[in-house]
Amino acid sequence: MRKILMVLMLAVALTSAGGCASKKPKPGASQSTEVGNNTADAAGAGSDAANAGNVGSDEDAAGPQGGLLAKRIVYFDFDSSDIKGEGNDVVAAHSKYLASHASTRVRLEGNTDDRGSREYNIGLGERRAQAVRRALLLQGATEAQIATVSYGAERPAVVGNDEAAWSKNRRVEIVYLAPGGQPAPVQPQR
Amino acid sequence: MRSNKPAAYIAGAVLALGAMAPAWAQLRVEVTSGITDPIPIAIVPFARAIPADGGLDVAQVVQHDLEGSGRFRALQRNQMPATPTQPTAVVLNDWKNAGEDYIVVGRVVTLDGGNLAVDFDLLNTLTGQRVAGQRFVGTPGALRNAAHRVSDVVYEKILGIHGAFATRIAYVSVEGQPPTQKFQLIVADADGENQRLVLESRYPLMSPSWSPDGQWLAYVSFENKKSAIYVQFVRTGERRQVSARAGINGAPVWSPDGKKLALTLGGSGGNPDIYVLELQTQNLTRITDDPAIDTEAAWAPDGKFIYFTSDRAGGPQIYKIGVNPGDRPKRITFSGNYNARPRLSADGNQLAMVTLDSGNYRVAVQDLSSGTVRVLSKGHLDESPSFAPNGSTIIYSEREANRGILATVSVDGLTGLRLKSEQGEVREPSWGPFAQ
């Protein structure tokens, strides 16, 4: 318990230090409510050049409810990034919603089961997120409305070592983002 | 906003810590296999420097190291015929008759100024020869490290292989389930002791990689709900974000000269390729360009080639490419349909990887000159192999009842041990370099 308290105290120290130090406004900082950004500053993360333009709120929001729009998960077969069965209907419903709500943004979170190597799974999860992204774009959503991230095997929905668990983990989650943030950038900095 | 919600603020905090001790999930070690005819050795309790030694039993640390290697069998203390601490006090015949080939005696002494010196002598009981004798000086806080250095010398003098006991490992510890996971990046001595918490986050931390000088770690953090690569000075916790580009920022590995990172970038189109980032200038050079997944770079020790995982031929296989522009990749692995996550031994002769072995993901080593592949581990979801700097042992993670634990195996496959966390799971071990 004492150790945990120490960590919390350190967190307070770091964050208040960050509050004092970050007088210089950064692009998008005023609109960002993302806690991680602030603490990263407080912990001394420099090199903002690498992060320039990569701004905008990623705060999660409840998003639209009812019918297929309440479904936010698209499942995949083993070693596949093909959208199947009901997944097509779920994606179509969200495409339609995004097409008629131009300021609404989503983050597509790609995931895999936990077999194999971790960074390769990050690649597979991204492939799934991109498959959903392309389907959304084809059906009327715009690039500025969609961000992707791959968590690979790092954030399982279900823990287990059988197909029942694995099939629940091979998924893309559609996460609606709070309004007010800037659109996610789409230019890779290559 | 900030002042209104301090609790939420702390809950989301990512803490970059200057090697804070101790982390609270201790590791427990169990030896899983050893050679059939281990070398008998007696490590007699060292003369103590009480209270400056902080209660540390140096001989116990040495015994633990040597037995953990699977190559030695240490004499139990209650079986010892005597407890000499000076070589002149050793009656060789007593130890020879007890069946011991070697005996280690030693002393911890306090020096003027408060430092401690560890003196030890390694004797061959059969020939009477003093095989080694050395003094290590350091602060009381470095006494455990001095003990590991004693182990290194004993190991090398007897077996002819540079010991890797006085080295460190980094790994990721995970507790809880989403959305309330706690990820920790931890650094510990190679025996799992002396743990230091380096970073803590609610979002995934991945792929820790040591700088060649053992002072920095590169890693991937999802603390901003997207991937970014950081480098962090372990001792102070100072860190720098070096890549937060659109899409995947993954699999950072330090170049042998310490000036560059090889990494994976996906871009907004989501096609992962290998790049090299110069840390000083931020210059980025593209190494691979293929619609397949190219990731998990590993440097050859000469810094001229990069090995990586690619599924350009269907399933994942390991390829090798020169770092000069225009070089074309050459496929390295051909046995089986899943070979991923390469790592090179320090001499560049051995390639460790994850291979699919009759339905099980296991650690294998491929001899790069002969092409021979040997599967070394026995689990069903083994991953993240990392060579000890002496090239004789590999640390990796395996699954035990749905929980990640760390394990080691010698490259000859004969010895191994497990490092288990008391709570949560541990994974992605990365073995640091020899201390400089």
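Each protein sequence line maps, in turn, to chains A and B. Each residue of the first sequence is one higher than the last, beginning at 0 in numbering that gives the first Met the number 0. Each residue of the second sequence is one higher than the last, beginning at 0 in numbering that gives the first Met the number 0. Ideal Cβ placement from N, Cα and C applies to all residues, glycine included. This structure is a prediction, so every number in the text was calculated from the model and none was measured.
For I404 of chain B, same chain residues with a beta-carbon under 8 angstroms away, outside a window of 5 residues either side, are S396, E397, R398, R417, L418, K419, S420, E424, V425 in chain order. For A134 of chain A, not one C-beta of chain B is nearer than 8 angstroms to its own C-beta. Remark: C-beta atoms of N110 of chain A and R170 of chain A approach each other more closely than 8 angstroms. With 16 or more other CB atoms across the displayed protein chains lying within 10 angstroms of its CB, K319 of chain B is buried. By a beta-carbon distance limit of 8 angstroms, S94 of chain A contacts G139 of chain A. Their separation comes to about 5 angstroms. The DSSP-derived three-state label of D78 of chain A is coil. At least one beta carbon of chain B lies nearer than 8 angstroms to the beta carbon of N160 of chain A.
By the beta-carbon neighbour count (other beta carbons within 10 angstroms, threshold 16), E153 of chain A is buried. Cβ neighbours of E222 of chain B within its own chain (closer than 6 angstroms, five residues either side excluded): V13, S200, Y202.
Annotation: Q349 of chain B is outside any alpha helix (DSSP H); the continuous beta strand (DSSP E) that includes it extends over 349-356. The beta carbon of R133 of chain A sits closer than 8 angstroms to no other beta carbon from its chain once the five residues preceding and following it are set aside.
Under the three-state reduction of DSSP, R106 of chain A is assigned to strand. Leaving aside the five residues that flank S369 of chain B on each side, none in its chain has a CB nearer than 8 angstroms to its CB.
Legend: CB atoms of the region 86-119 of chain A lying less than 8 angstroms from CB atoms of chain B belong to residues R106, D113, R114, G115, S116, R117, E118, Y119. Q365 of chain B and T371 of chain B have their C-alpha atoms spaced approximately 5 angstroms apart. Among the residues facing chain A, G358 of chain B is not included, as its CB has no counterpart in that chain under 8 angstroms away. The C-beta of V105 of chain A has 16 or more other C-beta atoms within 10 Å across all chains shown, which makes the residue buried. In chain order, T308, P315, V353 place their CB closer than 6 angstroms to the CB of A339 of chain B, counting only its own chain and leaving out the 5 sequence neighbours on each side. What Q349 of chain B touches in chain A, judged by beta-carbon distance under 8 angstroms, is nothing: the nearest beta carbon there is about 18 angstroms away. Within the same chain, Cβ atoms closer than 6 angstroms to the Cβ of V136 of chain B are found at N114, A116, the five residues on either side in sequence being excluded. T414 of chain B and T31 of chain B have their alpha carbons spaced roughly 7 angstroms apart. Short of 6 angstroms from the beta carbon of T392 of chain B, and not among the five residues preceding or following it, lie these beta carbons of its own chain, in chain order: T407, S409. When DSSP states are grouped into helix, strand and coil, T287 of chain B belongs to the coil group.
For I173 of chain A, there are no C-beta contacts with chain B under 8 angstroms, since the nearest C-beta of that chain is about 14 angstroms from it.
Residues of the region 78-99 of chain B with a Cβ closer than 8 angstroms to any Cβ of chain A: none.
In terms of beta-carbon proximity, I292 of chain B lines the interface with chain A, with at least one pair separated by less than 8 angstroms.
Taking 3 residues as the minimum length, the beta strand (DSSP E) runs contained wholly in the region 74-124 of chain B are 101-109, 115-123, in order along the chain. A distance of 8 angstroms or more separates the beta carbons of H161 of chain B and D188 of chain B. Listed along chain B, no residue sits closer than 7 angstroms to S80 of chain A by beta-carbon distance, the nearest being about 10 angstroms off. Using a Cβ-Cβ cut-off of 7 angstroms, S149 of chain A is close to I247 of chain B, given in chain order. The three-state reading of DSSP puts L198 of chain B in strand, counting E and B together. DSSP, read as helix, strand or coil, puts D293 of chain B in strand. In the DSSP assignment, I121 of chain A falls outside any beta strand (DSSP E) and lies within the alpha helix (DSSP H) extending over 117-137. Neighbourhood of G265 of chain B in chain A, by CB distance below 7 angstroms: E125, in chain order. With contacts defined by Cβ atoms closer than 8 angstroms, L264 of chain B and P251 of chain B do not form a contacting pair. It is roughly 25 angstroms from the alpha-carbon of R167 of chain B to the alpha-carbon of K377 of chain B.
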